[in-house]
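Student: A single structure is presented below for examination.
Chains as they are written, first to last, in the UniProt record's numbering: chain A, 1 to 195; chain B, 1 to 843.
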């Protein structure tokens with residue numbers, strides 16, 4: 001399976017992805033095999049249905065949001081490059097990367113980009129602000145039915161109040177970053193991809 | 001520090017008795033001391049962190065300990081063969097391996113005591129500490145296996161026995177863990193049904209955790225493992241099931257017991273160390289052991305970390321490794337094990353005991369004391385004692401979900417995948433089984449939210465100690481309550497969880513004033529009737545050589561006692577209110593008393609004052625449901641007092657004017673005002689003397705009456721609307737009784753508290769500014785309040801004094817009762833100088 005996948009993936013493509021995402025060669029081929037196994041239509045792209053077929057995602061409260069995050073705005077197909085680009089957000093920051101001179105463009109797995117990914121999950125209308133309604137929706141997804149709307153509302157109010165610094169009753173990305181500045185985002189938003 | 005104490009104590013005991021009286025008894029240690037510490041550690045183990053690092057912990061605990069044990073054993077044997085160790089140490093390979101096994105295990109007690117002081121970051125702590133807990137299984141097994149080997153003799157050991165050893169390791173560790181988990185389930189299940197008998201909840205926690213230990217011990221399983229896992233497993237469900245009070249009880253009892261046990265262990269270690277009879281010194285053995293354990297610890301840590309870092313998300317860097325190797329402390333477990341050795345079988349036991357003691361002391365004392373500077377020097381990231389905010393709670397939860405999903409998408413069966421699976425299982429089965437229905441229905445997020453709310457509230461209370469700051473309180477944490485008052489029920493939640501937390505004004509509203517007063521009355525009746533004069537108070541006064549009438553002294557002492565009790569309950573808001581009320585009443589009472597007679601105040605008996613106070617009380621009770629408009633008058637009752645002191649007025653009035661009538665929104669800064677204030681300015685000035693004097697003689701019933709009047713004053717502090725300035729003197733004349741009901745304060749106080757909240761919610765910027773203003777204004781406000789009071793204390797010069805300046809109750813009049821009370825209780829330094837006055841410290 002892995003070998004078949006890697007043959008389908010051209011070397012220059014791998015190099016390109018490697019450069020952009022920082023994944024290693026073996027990681028890319030491994031993920032490519034996963035990609036193709038998800039790709040039931042075998043057209044080189046994944047649709048929402050392909051993602052929704054993953055059984056674990058069906059029970060993930062934020063599953064739909066996360067699936068959405070894989071798709072560029074306005075599209076409902078994602079190719080392997082886009083797939084990898086999204087996954088790259090979760091690549092742990094490695095030691096040698098920390099010490100290296102900062103590259104011209106910020107790597108996808110930087111702290112800011114990790115946070116941005118999380119932020120986008122909340123920010124449905126992409127206005128760079130988490131409004132109370134948007135926060136409520138996500139909270140509702142995460143808490144289940146046992147909590148009343150009012151309780152949830154008070155949580156949301158408190159959350160926004162805590163984060164909001166400029167008084168617009170929304171959480172901007174700056175505020176989002178500020179609120180989480182003490183959290184070890186690099187660690188908590190990273191997955192150890194197999195080599 | 002404890003260790004030093006133990007050593008000193010040991011020395012003292014030795015010098016005193018010349019022979020060993022106390023010894024660290026292994027039975028005592030394993031039965032009582034160790035379980036308390038391990039139970040505490042397991043129960044309060046940060047489970048998430050523990051399981052996040054479980055791989056590393058297990059590796060270090062199993063592989064590391066095995067490595068240490070074998071290497072130390074073999075190398076010691078080699079050293080013996082090489083002749084470094086003295087001939088007298090009669091030990092062969094098995095003995096050395098046995099010794100290596102018991103000396104190589106990192107000790108949980110030592111690690112806990114040292115690392116908790118050092119405050120390294122949590123990950124480092126959990127790895128070292130987790131290792132020290134989990135390596136117990138290894139140590140126990142190795143120890144037992146070697147003991148049996150030594151017993152049968154090395155030559156009789158067959159290959160099968162080694163496999164038996166490995167198998168027994170698995171059984172001991174897995175069995176211990178299982179026993180612990182079983183007990184955790186039982187504990188969770190039991191606490192589910194203790195709603196009616198809250199009082200036994202802590203008992204069950206202690207009992208079952210301890211039972212887990214004993215059961216495992218009974219089956220020769222790893223008792224420490226069992227207890228640890230029982231604690232870890234049960235914590236979540238127990239904490240959710242038991243009441244807040246039980247939670248507090250469990251927490252503090254466990255912590256206290258653990259520290260006691262820890263102290264005892266170290267003290268006994270110190271005592272045992274100076275026991276010359278038991279140990280035989282061999283420099284070669286001691287130095288070799290020290291070198292080997294340090295060396296192999298370092299090598300082992302570096303080697304394992306190298307392997308582990310290939311798999312870890314967060315690699316352990318060099319500094320971590322240094323701290324980890326340096327933190328390999330040996331402690332009481334090793335000592336107890338070595339004492340347990342059979343001298344018949346292990347002929348070199350005395351040498352081993354001596355060496356163990358030296359090793360323990362070296363690691364605990366030298367390394368333990370130097371690890372702090374080392375950590376500082378290496379700039380190891382310290383742990384921050386910070387509680388997560390609600391934002392962090394929510395977002396981290398979201399992160400978890402995201403990671404799980406991404407793992408699923410990427411087709412990895414990683415850590416998050418399994419944790420998600422576990423959480424599903426936990427949610428679907430375990431929680432249903434082990435949690436109360438009511439608890440189960442609550443979401444963790446909601447719990448976290450409430451916890452944070454409570455914490456904020458408590459911190460506000462602690463800091464401000466102020467009911468009146470509830471406006472501020474409601475801003476950061478209770479804004480939601482204002483918007484969803486009926487549902488969020490933070491208030492009710494708070495009330496449920498102990499009166500100490502009842503800071504919300506609404507709660508206070510709901511408490512019927514009559515009931516409180518009833519309580520107060522009972523209290524006072526009790527203090528009055530049960531009172532027995534105590535001699536020790538006499539000593540305080542003896543220096544004055546004042547022949548005190550029985551009645552008089554009793555009054556004073558009751559008052560002192562009350563004051564003390566009030567100080568003790570200072571943090572409780574309800575009491576605070578009463579305190580305030582009382583003290584104010586007292587003040588008024590003193591005034592009236594002053595008016596009443598020209599004789600020395602000291603001689604004014606409380607019966608004299610009775611008539612004054614009594615009429616006040618009923619009126620106030622009746623006025624319970626009076627109109628809100630009255631509030632203005634009430635506040636001014638106090639102000640009216642100041643009128644009585646024409647002499648004082650020149651001093652105080654300008655200050656008051658400064659504050660009240662200044663056109664700027666912000667009153668003048670406190671310091672500038674302080675200089676005006678008579679009670680701060682003059683050392684030994686008459687008013688303070690009077691106040692001390694006066695408060696001292698106030699009888700109980702007067703105090704009570706005072707309570708109410710103070711409560712009425714409270715309402716002034718937070719006027720809901722800019723009330724028009726009222727002529728204080730007039731109102732005072734018309735309403736001499738101070739007709740403000742105690743119950744009235746609540747609504748009025750609450751009104752401003754709630755009012756700003758929604759506004760603040762919309763405009764946090766403004767809210768903050770407001771807050772700051774409030775804070776700034778607090779002090780001036782307080783001092784402003786004081787002025788009338790202080791002046792009121794002046795001897796009644798002219799009762800019909802000219803009208804005082806109007807005092808507009810503005811937003812700046814928020815008082816800080818703390819300041820207020822302090823000034824009431826504590827006279828200026830010169831206060832005690834008065835001939836009849838007594839030092840306020842007695843209060």
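Here a beta-carbon is modelled for each residue, glycine too, at the ideal position from N, C-alpha and C.
#1: DSSP on residue 79 (chain A), reduced to helix/strand/coil?
#2: Can you tell me where the beta strand (DSSP E) with residue 47 (chain A) in it begins and where it stops?
#3: Taking DSSP as the reference, what is the three-state secondary structure of residue 844 (chain B)?
#4: Within the same chain, show all residues whose beta-carbon is closer than 6 Å to that of residue 232 (chain B), passing over the 5 residues directly before and after it, in chain order.
#5: Give a yes or no on whether 8 Å exceeds the smallest Cβ distance from residue 8 (chain B) to chain A.
#6: Any beta-carbon of chain A closer than 8 Å to the one on residue 11 (chain B)?
#7: Between which residues of its own chain and residue 63 (chain B) is the CB-CB distance below 7 Å, once the five residues before and five after are set aside?
#8: For the alpha helix (DSSP H) that contains residue 344 (chain B), what are its first and last residues?
#9: Using beta carbons (cut-off 8 Å, strictly below), is residue 183 (chain A) in contact with chain B?
#10: Rank B:395, B:135, B:98 by C-alpha distance to the C-alpha of residue 160 (chain A) and give the top, closest one.
#11: Assuming residue 358 (chain B) and residue 286 (chain B) make a contact with CB atoms under 8 Å, what is their CB distance in whole Å?
#12: For a contact defined as C-beta to C-beta under 8 Å, what are the partners of residue 72 (chain A) on chain B?
#13: Please compile the residues from chain A whose C-beta is within a distance smaller than 9 Å of the C-beta of residue 403 (chain B).
#14: Along the alpha helix (DSSP H) that carries residue 176 (chain B), what are the first and last residues, could you check?
#15: Return the residue from the list B:237, B:209, B:218, B:239 that minimises the CA-CA distance to residue 228 (chain B).
#16: Using a C-beta to C-beta distance shorter than 9 Å, which residues of chain A count as neighbours of residue 396 (chain B)?
#17: Could you tell me if residue 199 (chain B) is buried or exposed, where buried requires 16 or more neighbouring beta carbons within 10 angstroms of its beta carbon?
#18: Under 9 Å between beta-carbons, which chain A residues line up against residue 424 (chain B)? List them in chain order, please.
#19: Could you tell me the boundaries of the alpha helix (DSSP H) in which residue 369 (chain B) lies?
#20: Do residue 262 (chain B) and residue 106 (chain B) have their C-beta atoms within less than 8 Å of each other?
#21: I need the DSSP call for residue 272 (chain B), collapsed to helix, strand or coil.
#22: Under a CB-based cut-off of 8 Å, is residue 142 (chain A) close to chain B?
#23: Looking at chain B, is there any beta carbon in it that lies within less than 8 Å of the beta carbon of residue 78 (chain A)?
#24: Which chain A residues sit within Cβ distance under 7 Å of residue 845 (chain B)?
#25: Quick one: what does DSSP say residue 236 (chain B) is sitting in, helix, strand or coil?
#26: Using a Cβ-Cβ cutoff of less than 7 Å, which residues in the same chain neighbour residue 174 (chain A) once the five nearest sequence positions on both sides are dropped?
#27: Rounded to whole angstroms, what's the CA-CA distance from residue 330 (chain B) to residue 151 (chain B)? Just pull it up for me.
#28: So, under 8 Å CB-CB, residue 241 (chain B) and residue 297 (chain B) are touching, yes? Tell me the CB distance rounded to an integer number of Å.
#29: So residue 35 (chain A) packs on residue 88 (chain A), CB below 8 Å; how close in whole Å?
#30: With 8 Å as the threshold, decide whether the Cβ of residue 51 (chain B) is near any Cβ in chain A.
#31: Is there a Cβ of chain B sitting closer than 8 Å to that of residue 130 (chain A), yes or no?
#32: Assuming contact is defined by CB atoms lying nearer than 8 Å, are residue 102 (chain B) and residue 143 (chain B) in contact in what I supplied?
#33: Taking one C-beta from the stretch 78-92 of chain A and one from the stretch 11-27 of chain A each time, how about it: are there three or more such pairs within less than 8 Å?
#34: Using only CA atoms, which one of B:374, B:222, B:265 lies nearest to residue 141 (chain B)?
#35: Is the beta carbon of residue 70 (chain A) closer than 8 Å to that of residue 78 (chain A)?
#36: I believe residue 317 (chain B) touches residue 225 (chain B) by the beta-carbon criterion, under 8 Å. Please report the beta-carbon distance rounded to the nearest angstrom.
Tutor: So, from the listed chains and residues:
#1: Your numbering for residue 79 (chain A) matches position 79 in the first chain. In this structure, residue 79 (chain A) counts as strand in the three-state DSSP scheme.
#2: Walking along the first chain from the start, residue 47 (chain A) turns up at place 47. Note, residue 47 (chain A): beta strand (DSSP E), 45-47.
#3: No statement about residue 844 (chain B) is possible, as the shown extent of chain B runs from 1 to 843 and does not include it.
#4: Numbered from 1 along the second chain, position 232 holds the residue referred to as residue 232 (chain B). Taken in chain order, the residues that qualify are 42, 45, 47.
#5: Counting from one through the second chain, the residue named residue 8 (chain B) turns up at place 8. Chain A has no Cβ within less than 8 Å of the Cβ of residue 8 (chain B).
#6: The count along the second chain starts at 1 and reaches residue 11 (chain B) at position 11. Not an interface residue.
#7: The residue labelled residue 63 (chain B) in the question sits at position 63 within the second chain. Cβ within range, chain order: 304.
#8: Stepping through the second chain from its first residue, residue 344 (chain B) is reached at position 344. Segment: none, residue 344 (chain B) is in no alpha helix (DSSP H) and carries neither H nor E.
#9: For the purposes of this step, residue 183 (chain A) is taken as residue 183 along the first chain, with counting starting at 1. So yes, residue 183 (chain A) belongs to the interface.
#10: Here residue 160 (chain A) is taken as the residue at index 160 of the first chain, counted from 1. Closest option to residue 160 (chain A), Cα to Cα, is B:395.
#11: Counting from one through the second chain, the residue named residue 358 (chain B) turns up at place 358. Counting from one through the second chain, the residue named residue 286 (chain B) turns up at place 286. Contact between residue 358 (chain B) and residue 286 (chain B) is confirmed by a C-beta separation of about 5 Å, below the 8 Å threshold.
#12: Position 72 of the first chain, counted from the first residue, corresponds to residue 72 (chain A). By Cβ distance, chain B contributes nothing, its closest Cβ being about 16 Å from residue 72 (chain A), past 8 Å.
#13: On the second chain, position 403 is the one that residue 403 (chain B) refers to. Under the 9 Å cutoff, chain A gives 90, 188, 189, 190, 191.
#14: Here residue 176 (chain B) corresponds to residue number 176 of the second chain, with the count starting at 1. 159-191 is the extent of the alpha helix (DSSP H) around residue 176 (chain B).
#15: Along the second chain, one-based indexing puts residue 228 (chain B) at 228. Nearest C-alpha to residue 228 (chain B): B:209.
#16: Start at 1 with the first residue of the second chain, and residue 396 (chain B) comes out as number 396. In chain order: 180, 183, 188.
#17: What you label residue 199 (chain B) is simply residue 199 of the second chain in a count that begins at 1. Residue 199 (chain B) comes out exposed.
#18: The sequence position of residue 424 (chain B) within the second chain is 424, counting from 1. Residues of chain A passing the Cβ test: 59.
#19: Stepping through the second chain from its first residue, residue 369 (chain B) is reached at position 369. Element bounds for residue 369 (chain B): 368-378.
#20: One-based indexing of the second chain puts residue 262 (chain B) at position 262. One-based indexing of the second chain puts residue 106 (chain B) at position 106. In this structure, residue 106 (chain B) does not lie closer than 8 Å to residue 262 (chain B) by Cβ.
#21: Locating residue 272 (chain B) in the second chain gives position 272, where the first residue counts as 1. DSSP places residue 272 (chain B) in helix when its eight states are reduced to three.
#22: Mapped onto the first chain, residue 142 (chain A) falls at position 142. Yes - at least one Cβ of chain B is within 8 Å of the one on residue 142 (chain A).
#23: If you number the first chain from 1, residue 78 (chain A) lands on position 78. No, its Cβ sits nowhere closer than 8 Å to a Cβ of chain B.
#24: One cannot answer for residue 845 (chain B) here, as it falls past the ends of chain B, which runs 1 to 843.
#25: For this step, residue 236 (chain B) is matched to residue 236 along the second chain. The answer is helix: DSSP assigns residue 236 (chain B) an H, G or I state.
#26: Your numbering for residue 174 (chain A) matches position 174 in the first chain. Counting only Cβ-Cβ distances below 7 Å, and skipping sequence neighbours, we find nothing.
#27: Here the question's residue 330 (chain B) lines up with position 330 in the second chain. Here the question's residue 151 (chain B) lines up with position 151 in the second chain. Those two C-alpha atoms are separated by around 26 Å.
#28: The residue labelled residue 241 (chain B) in the question sits at position 241 within the second chain. The residue labelled residue 297 (chain B) in the question sits at position 297 within the second chain. That pair is no contact at about 41 Å.
#29: Position 35 of the first chain, counting from 1, holds the residue named residue 35 (chain A). Position 88 of the first chain, counting from 1, holds the residue named residue 88 (chain A). Between residue 88 (chain A) and residue 35 (chain A) the Cβ distance is about 14 Å, and since that is not below 8 Å, they are no contact.
#30: Counting from 1 along the second chain, the entry for residue 51 (chain B) is found at position 51. It does not; no Cβ of chain A falls within 8 Å.
#31: Within the first chain, the letter at position 130 stands for residue 130 (chain A). No, residue 130 (chain A) does not count as interfacial toward chain B.
#32: Position 102 of the second chain, counted from the start, is the residue given in the question as residue 102 (chain B). Position 143 of the second chain, counted from the start, is the residue given in the question as residue 143 (chain B). Yes; because the gap between Cβ atoms is below 8 Å, this pair is in contact.
#33: Look at the beta carbons and you see the stretch 78-92 of chain A touching the stretch 11-27 of chain A: at least three pairs across the two are nearer than 8 Å.
#34: The residue given as residue 141 (chain B) occupies position 141 in the second chain. Checked all of B:374, B:222, B:265; the closest Cα to residue 141 (chain B) is B:222.
#35: For the purposes of this step, residue 78 (chain A) is taken as residue 78 along the first chain, with counting starting at 1. For the purposes of this step, residue 70 (chain A) is taken as residue 70 along the first chain, with counting starting at 1. In contact: residue 78 (chain A) and residue 70 (chain A) (Cβ atoms closer than 8 Å).
#36: Your numbering for residue 317 (chain B) matches position 317 in the second chain. Your numbering for residue 225 (chain B) matches position 225 in the second chain. The beta-carbon separation of residue 317 (chain B) and residue 225 (chain B), rounded to 29 Å, does not stay under the 8 Å limit for a contact.
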